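Engineer: Input: one structure, supplied below.
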Amino acid sequence: MLETGLGWIDMAWLAVLSISVVVGLLRGLVSEVFSLLGWGVAYFGSHWLAPQVAPVVPVGEPGSRLNMLAAMALLFICLLVAWGLLSWMVKQLVRASPLSAADRALGGLFGLARAVMIGFVAVTLVSATPLAKSPAWQASHGVGLLQAMLAGIRPLLPDGVLEFLPSQADGMRIGSRGEACVASSV
Numbered sequence: 698m699l700e701t702g703l704g705w706i707d708m709a710w711l712a713v714l715s716i717s718v719v720v721g722l723l724r725g726l727v728s729e730v731f732s733l734l735g736w737g738v739a740y741f742g743s744h745w746l747a748p749q750v751a752p753v754v755p756v757g758e759p760g761s762r763l764n765m766l767a768a769m770a771l772l773f774i775c776l777l778v779a780w781g782l783l784s785w786m787v788k789q790l791v792r793a794s795p796l797s798a799a800d801r802a803l804g805g806l807f808g809l810a811r812a813v814m815i816g817f818v819a820v821t822l823v824s825a826t827p828l829a830k831s832p833a834w835q836a837s838h839g840v841g842l843l844q845a846m847l848a849g850i851r852p853l854l855p856d857g858v859l860e861f862l863p864s865q866a867d868g869m870r871i872g873s874r875g876e877a878c879v880a881s882s883v
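Reading the sequence shown from the start, the letters are residues 698 to 883 in the working numbering.
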């Protein structure tokens, strides 16, 4: 068997990275961005419109918390579907234009950025658990790389975010000059 030096955590990270990039390439940047915007529009739109729609929603007593939540849920679904239709139409326009190849390439970059963000969230969450001290986590090349990237962007982040990021005390591998280090192979 070929020994790569990659553990299960690295393999899982590579799978997330690969899937995210491929999905981005297949969907394109316009679809990816419209998808994210759609969730935001549905979330905020449902909150904004719920007071007007709640009186006609036949769930719970008018004005009750249940009535408002039902209106918000109904609006969320309707807005998400409507945004999906708009997104589909825009995607068809882009696919029919000369921008299709650029859209797909930029979608791949978007997928890469999304995978890195997923990695940042995973490293931040796992660093707060006992799993961060496990041999598999400590030996992971991907974890070391993500920690180095997090250390690099630390100065750019607001203080409110920094309190949730792993530090040297939390098990982040830090070099002699204060930089995060990529784990060496075992």
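Even for Gly, the Cβ is constructed at its ideal location relative to N, Cα and C. Note that the structure is predicted; figures quoted are calculated from it, not measured.
CB-CB under 7 angstroms to Glu-729, same chain, minus the five flanking residues each way: which ones, in chain order?
Structural biologist: Cβ within range, chain order: Gly-721, Gly-804, Phe-807.
Engineer: Looking at the secondary structure, which residues open and close the alpha helix (DSSP H) in which Leu-843 lies?
Structural biologist: 838-850
Engineer: Output the distance between the C-alpha atoms of Trp-710 and Gly-839, rounded to the nearest integer angstrom.
Structural biologist: 7 angstroms
Engineer: Give me the Cβ distance between Ala-812 and Ser-717, rounded to the nearest whole Å; I'm assuming they're in contact under 8 angstroms.
Structural biologist: 4 angstroms
Engineer: For the 8 angstroms Cβ check, are there 3 or more pairs between the stretch 826-843 and the stretch 741-750?
Structural biologist: no
Engineer: Would you decide whether Phe-893 is buried or exposed? Buried here means 16 or more other CB atoms lie within 10 Å of its CB.
Structural biologist: No statement about residue 893 is possible, as the shown extent of the chain runs from 698 to 883 and does not include it.
Engineer: Straight-line CA distance for Leu-714 to Ala-798?
Structural biologist: 21 angstroms
Engineer: Leaving aside the five residues before and after Arg-792 along the sequence, list all residues of the same chain whose C-beta is less than 7 angstroms from its C-beta, in chain order.
Structural biologist: Nothing meets the Cβ criterion.
Engineer: Can you give me the C-alpha to C-alpha distance between Ala-810 and Phe-817, rounded to a whole angstrom?
Structural biologist: 10 angstroms
Engineer: Between the C-alpha atoms of Gly-841 and Pro-852, what's the straight-line distance to the nearest angstrom?
Structural biologist: 18 angstroms
Engineer: Going by DSSP in three states, Leu-714 sits in which element: helix, strand or coil?
Structural biologist: helix
Engineer: Can you find the residues in the same chain that come closer than 8 angstroms, C-beta to C-beta, to Leu-822, ignoring five residues on each side of it along the sequence?
Structural biologist: Taking Leu-822 as the centre and dropping the five residues before and after it, the same chain places no C-beta closer than 8 angstroms to its C-beta.
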